[in-house]
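Under this note's numbering, the first residue of the sequence shown is numbered 1, with each subsequent residue one higher.
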Amino acid sequence: MPEPHDIDVLVAGAGPTGSTLAADLLRRGLRVRLIDKAPHAFTGSRAKGVQPRTQEVFEDLGVLREAHAEGGPYPLAGIHLGPVTAPWKMQQRNRPTPDVPYPNILLLPQHRTDAILHRLVDRLGLRIEYDTALEGFEQDATGVTATLASGEKVRSKYLVGADGGASAVRRGTGLGFAGKTDASDRTLIIDGAIDGLSRDRWHIWPRASAGACPLPRSDQFQVMIRLKPDDTPDLDEVALATRFHGLTGLRLRDVTWTSVFRPNVRLVERYRADRVLLAGDAAHVHTPAGAQGLNTGVQDAYNLGWKLGQVIAGAPDSLLDSYEAERQPIAARVLGKSGELYANLSRHRVSGLKRGDEERQLGLSYHGGPLAPVHSPATRTLNAGDRAPDAPCSARDVRRLFDAYQGPHFTLLAFGPDAAGSLSKLSWPSDGAELRRYAVRTGRRVDDDSVLADTTGRLHGIYGITGDTLVLVRPDGYLAGIITSDWEASFASVTRSFSPG
Numbered sequence: 001m002p003e004p005h006d007i008d009v010l011v012a013g014a015g016p017t018g019s020t021l022a023a024d025l026l027r028r029g030l031r032v033r034l035i036d037k038a039p040h041a042f043t044g045s046r047a048k049g050v051q052p053r054t055q056e057v058f059e060d061l062g063v064l065r066e067a068h069a070e071g072g073p074y075p076l077a078g079i080h081l082g083p084v085t086a087p088w089k090m091q092q093r094n095r096p097t098p099d100v101p102y103p104n105i106l107l108l109p110q111h112r113t114d115a116i117l118h119r120l121v122d123r124l125g126l127r128i129e130y131d132t133a134l135e136g137f138e139q140d141a142t143g144v145t146a147t148l149a150s151g152e153k154v155r156s157k158y159l160v161g162a163d164g165g166a167s168a169v170r171r172g173t174g175l176g177f178a179g180k181t182d183a184s185d186r187t188l189i190i191d192g193a194i195d196g197l198s199r200d201r202w203h204i205w206p207r208a209s210a211g212a213c214p215l216p217r218s219d220q221f222q223v224m225i226r227l228k229p230d231d232t233p234d235l236d237e238v239a240l241a242t243r244f245h246g247l248t249g250l251r252l253r254d255v256t257w258t259s260v261f262r263p264n265v266r267l268v269e270r271y272r273a274d275r276v277l278l279a280g281d282a283a284h285v286h287t288p289a290g291a292q293g294l295n296t297g298v299q300d301a302y303n304l305g306w307k308l309g310q311v312i313a314g315a316p317d318s319l320l321d322s323y324e325a326e327r328q329p330i331a332a333r334v335l336g337k338s339g340e341l342y343a344n345l346s347r348h349r350v351s352g353l354k355r356g357d358e359e360r361q362l363g364l365s366y367h368g369g370p371l372a373p374v375h376s377p378a379t380r381t382l383n384a385g386d387r388a389p390d391a392p393c394s395a396r397d398v399r400r401l402f403d404a405y406q407g408p409h410f411t412l413l414a415f416g417p418d419a420a421g422s423l424s425k426l427s428w429p430s431d432g433a434e435l436r437r438y439a440v441r442t443g444r445r446v447d448d449d450s451v452l453a454d455t456t457g458r459l460h461g462i463y464g465i466t467g468d469t470l471v472l473v474r475p476d477g478y479l480a481g482i483i484t485s486d487w488e489a490s491f492a493s494v495t496r497s498f499s500p501g
């Protein structure tokens, strides 16, 4: 007889990836524990850029307002060349559009991102267990038995390692972590205040290989100093202040966090070992260039959360294989892009400072993967597997599509009378995530919660609709399927891979 489970999912690592996953699982009603070997939450600025796509994830989780309140826009760069400071625009400032409401990167120190997600986990009723290391685990056909440093054994259906680049969970699986660490290439990172330095620039001293980025809603900067191969820095505050003054002539004070960073570029060979899965830095580690690592980890969690929920509810186990199939190629591309940017910075090339659309992660698609085959029907603008864009619409408590998408459910949009007429005939299981169905009509709003009014015509245009069409949106905001005929059979075919029962 199978051993009973204490919980559904044990998540190791309470950083942005693990906290996002825990929150998503909790809102699906799953039993979760979130452990971290550290004695307390992370206190430094480290990963400080929240990309547009991650902001959309945070909106879905209900914490974007907090993030915007505690963060700010990236400043212009100020390149110090002797007595002259030359302004430089690192990235284009984009205006919000109906389909992309948050087009610009948000500057938010990692400790604040962590705190925002930790407050969310707390509101959802879960206490993070700090000073709780994972000592080892064993798995069988029905679950995982983890042993904690305290000696406690925890039986769960799944174990997720979100415990960083030195992941104990990954080591326990024996999976390879291919890549390289350049121990001779190191950067000293310091959080502290700087007297007399303007806060409207990301200051760069190229001749001193140093920089200072102002952190929003504070008097602190994140200071970065490139170290020489034989340089062993003294991390005492007085010594740090002396070094910084020697490089810039400015006074550094009130240091709260320091770290020596080594560029590390690695990718795990597989994201899944039966009932054990890896996410975030446990699966892929990046250079800091381009603000990609934290964002890629959060989106790992967002992809994995709904799939774990569906499989635990009875969907085919193969759905979890799609996690690696969808996320690993993206991590590989992101690793290449961040490595390219970092290499240009290392060579003091201005191109290393530039940021563009690729880093925003809005164009990432799962089209061609196991849940969105290449031959799937498409609209004029979208393929199955693409990000579901926002668009204006109107209904009770709905002003835009992202309002309708917010939550752990699937969303089905029916364009045209034939597609709308099929909505009530489509079968959906009672277990797992809910399906919310909407008929989309042009014209004025009607007093019907199941009808979305496209009052401007922009929704039809953004989604490229030219005829009767069903559009199924996954809980993580990507298109699960586009259906243009044979409604019931086609819907059953699209949903078979992730439906319980």
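C-beta: ideal position from N, C-alpha, C; glycine also.
Run through DSSP, which three-state label would residue i get?
i	result
residue 259	strand
residue 428	coil
residue 38	coil
residue 60	helix
residue 330	helix
residue 520	Because residue 520 is not part of the residues shown, which for the chain are 1 to 501, the question remains open.
residue 462	helix
residue 92	coil
residue 129	strand
residue 414	strand
residue 67	helix
residue 52	helix
Taking the alpha-carbon positions, what's the residue i to residue j distance?
i	j	result
residue 8	residue 309	9 Å
residue 456	residue 442	8 Å
residue 279	residue 159	11 Å
residue 69	residue 220	17 Å
residue 92	residue 484	38 Å
residue 138	residue 147	9 Å
residue 460	residue 76	37 Å
residue 214	residue 143	47 Å
residue 406	residue 376	25 Å
residue 415	residue 436	15 Å
residue 397	residue 366	30 Å
residue 281	residue 447	47 Å
residue 368	residue 285	25 Å
residue 413	residue 5	37 Å
residue 244	residue 374	54 Å
residue 130	residue 218	27 Å
residue 35	residue 28	19 Å
residue 467	residue 74	42 Å
residue 322	residue 469	25 Å
residue 297	residue 16	7 Å
residue 249	residue 319	57 Å
Give the range of the alpha helix (DSSP H) segment to which residue i is assigned.
i	result
residue 312	293–313
residue 405	401–405
residue 238	237–248
residue 17	16–26
residue 441	Counting along the chain, residue 441 falls outside any alpha helix (DSSP H), though it belongs to the beta strand (DSSP E) covering 435–442.
residue 122	110–123
residue 142	Careful: residue 142 lies outside any alpha helix (DSSP H) and carries neither H nor E.
residue 172	168–173
residue 418	417–422
With distances taken Cα to Cα, identify the nearest neighbour of residue i among the options.
i	options	result
residue 3	327, 141, 70	141
residue 259	275, 224, 239	224
residue 507	113, 14, 452	For the chain, the structure presents residues 1 to 501; residue 507 sits outside this window and is missing.
residue 208	226, 196, 198	226
residue 454	16, 98, 43	98
residue 116	20, 175, 135, 202	20
residue 59	212, 403, 359	403
residue 499	431, 392, 438	431
residue 132	84, 202, 40	40
residue 123	182, 240, 232, 62	62
Answer yes or no: the CB of residue i versus the heavy atoms of the ligand PLP, is any distance below 7 Å?
i	result
residue 472	By its list of ligands, the structure shown contains no ligand whatsoever, and the ligand PLP lies outside what it can speak to.
From what residue to what residue does the beta strand (DSSP E) around residue i run?
i	result
residue 156	153–161
residue 135	134–139
residue 392	392–395
residue 489	That residue, residue 489, is in no beta strand (DSSP E); its alpha helix (DSSP H) goes 487–495.
residue 10	7–12
residue 100	From DSSP, residue 100 is part of no beta strand (DSSP E); its letter is neither H nor E.
residue 280	No beta strand (DSSP E) contains residue 280, which DSSP labels as neither H nor E.
residue 266	264–268
residue 186	186–195
residue 481	479–483
residue 78	76–81
residue 319	Looking at the DSSP string, residue 319 is not in any beta strand (DSSP E), and its letter there is neither H nor E.
Taking Cβ positions only, does residue i come closer than 8 Å to chain B?
i	result
residue 158	Here chain B cannot be found, since the structure has a single protein chain.
Threshold first: 3 residues or longer. Then list the beta strand (DSSP E) segments lying entirely within the stretch 205–238, N to C.
210–214, 220–227, all fully within the stretch 205–238.
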